[in-house]
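The next block holds one structure in the form of structure tokens; read it before the comments.
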Amino acid sequence: MTLDPKTFLYSVDSDGVATIALNRPDRINALTFAVYTELRDTFRAIGDEPGVRAIVLRGEGPRGFCSGGDVRDIIGELFARDMRGLLEFTRLTGALVHAVHSCRRPVIAALHGVVAGAGAVVATACDVRIATPDARIAFLFPQVGLSGADMGSAYLLPRIVGLGRATEILLTGDFVPAEEAHRIGLFNRIVPADKLVQEATTLARKLAAGPAFAHAMTKKMLDYEAHVDFATAIEAEAQAQAICMQHPDFREAYDAWREKRAPRFE
4 MTLDPKTFLY
14 SVDSDGVATI
24 ALNRPDRINA
34 LTFAVYTELR
44 DTFRAIGDEP
54 GVRAIVLRGE
64 GPRGFCSGGD
74 VRDIIGELFA
84 RDMRGLLEFT
94 RLTGALVHAV
104 HSCRRPVIAA
114 LHGVVAGAGA
124 VVATACDVRI
134 ATPDARIAFL
144 FPQVGLSGAD
154 MGSAYLLPRI
164 VGLGRATEIL
174 LTGDFVPAEE
184 AHRIGLFNRI
194 VPADKLVQEA
204 TTLARKLAAG
214 PAFAHAMTKK
224 MLDYEAHVDF
234 ATAIEAEAQA
244 QAICMQHPDF
254 REAYDAWREK
264 RAPRFE
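Here is the structure:
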């Protein structure tokens with residue numbers, strides 16, 4: 004299939020790096036019902052999209068990556084919904100985060116300015132977060148009378164920063180500045196604003212040049228092993244690695260080493 008998004012910018016370069024750019028800069032890239040739906044469908048499909056080997060997710064405009072759900076276009080309508088309608092919406096938002104987190108391709112978030120609410124959870128669902136010094140992230144839900152555990156945040160965040168820090172962040176809804184987010188591991192690195200897209204794309208290209216099958220297996224194991232005991236994890240990795248050893252990329256890496264050349268992974 005060929006993706007034809009309407010609610011955000013999408014491109015794929017010759018190195019196999021797809022770039023998804025949220026494109027509502029006047030609203031700090033706030034998410035609407037349409038954006039939630041199309042982003043969910045895109046991330047569900049992009050793992051099998053021909054030519055895509057890594058993904059960069061970023062936001063257009065100077066003010067920020069994403070300010071969360073659009074108050075004007077979403078919140079007002081939610082007040083008119085019954086329980087079934089509300090659950091339909093909350094399941095949609097969670098499905099987007101699940102699609103990002105479970106995407107077979109590595110996903111790099113390029114973050115600047117405001118990273119808030121749903122935008123914070125989507126960023127957390129990515130595999131790596133690269134941010135500018137002005138980036139600040141907040142899981143704002145308690146500040147609007149909602150649980151901090153939204154869209155999978157109570158699953159994802161403790162696995163990145165630990166339970167104690169995650170509890171404070173999700174209870175207060177306060178913004179965490181870039182330096183602190185980097186110190187606690189929520190941001191992988193901080194780079195100058197004019198280097199953000201370049202740094203994210205460079206990492207994505209490095210991963211795109213690597214073994215896509217093995218990268219997908221690594222992501223699968225990282226998620227699976229969060230739920231099992233150590234002995235089960237060791238056995239799962241033994242089986243996963245044996246499967247990878249049957250893949251042509253394993254032979255290609257050996258042949259490339261023997262022939263003193265760069266490997267050409269499938």
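Everything in the sequence shown is counted per the numbering used here, starting at 4 for the first residue and increasing by one. For every residue, glycine included, the Cβ atom is placed at its ideal position computed from N, Cα and C.
From the DSSP secondary-structure annotation, give me the bridge partner or partners of residue i.
i     : result
Gly62 : Leu25
Cys69 : Val118
Ser14 : Thr22
Leu34 : Gly72
Ile49 : DSSP output for Ile49 lists no bridge partner at all.
Residues in its own chain within less than 8 Å of residue i by CB, not counting five upstream and five downstream?
i      : result
Glu182 : Pro136, Ile193
Thr221 : none
Lys9   : Ala37, Glu41
Go to residue i, then tell me how far its alpha helix (DSSP H) extends in each direction, as first and last residue.
i      : result
Leu95  : 86-105
Leu206 : 199-211
Met154 : Element bounds for Met154: n/a, residue is neither H nor E.
Ala219 : 215-227
Report all residues from its chain with a CB closer than 7 Å to the CB of residue i; omit the five preceding and five following residues, and keep chain order.
i      : result
Ala152 : Leu173
Ala245 : none
Gly188 : Ile163, Val164
Phe253 : Cys247
Ala169 : Leu160, Pro161
Arg27  : Ala33
Thr204 : Val20, Val59
Could you spell out where the beta strand (DSSP E) holding residue i opens and where it closes?
i      : result
Gly272 : One cannot answer for residue 272 here, as it falls past the ends of the chain, which runs 4 to 269.
Ala134 : 131-134
Under the three-state reduction of DSSP, which class applies to residue i: helix, strand or coil?
i      : result
Arg56  : coil
Phe190 : coil
Ile140 : strand
Leu6   : coil
Pro180 : strand
Leu159 : helix
Ala112 : strand
Leu149 : coil
Pro251 : helix
Arg43  : helix
Phe82  : coil
Arg261 : helix
Val231 : coil
Glu269 : coil
So, at 6 Å on beta carbons, what are the nonlocal neighbours of residue i in its own chain, with the 5 sequence-adjacent residues on each side left out?
i      : result
Ile140 : Val118, Ala123, Val179, Ala184
His104 : Ala128
Pro214 : Asp252, Phe268
Thr22  : Ser14, Val59
Between residue i and the ligand GTP, is there a pair consisting of the residue's CB and a ligand heavy atom that are separated by less than 8 Å?
i     : result
Asp85 : No copy of the ligand GTP occurs in the structure displayed, which carries no ligand at all.
Exercise for review: Pair every Cβ in the segment 231-238 with every Cβ in the segment 60-73, then say whether three or more of these pairs are closer than 8 Å.
Suggested key: At 8 Å Cβ cutoff, the stretches do not touch.
Review point. So, do the segment 44-60 and the segment 95-114 have three or more beta carbon pairs nearer to each other than 8 Å?
Key: With the cut-off at 8 Å, the segment 44-60 and the segment 95-114 touch.
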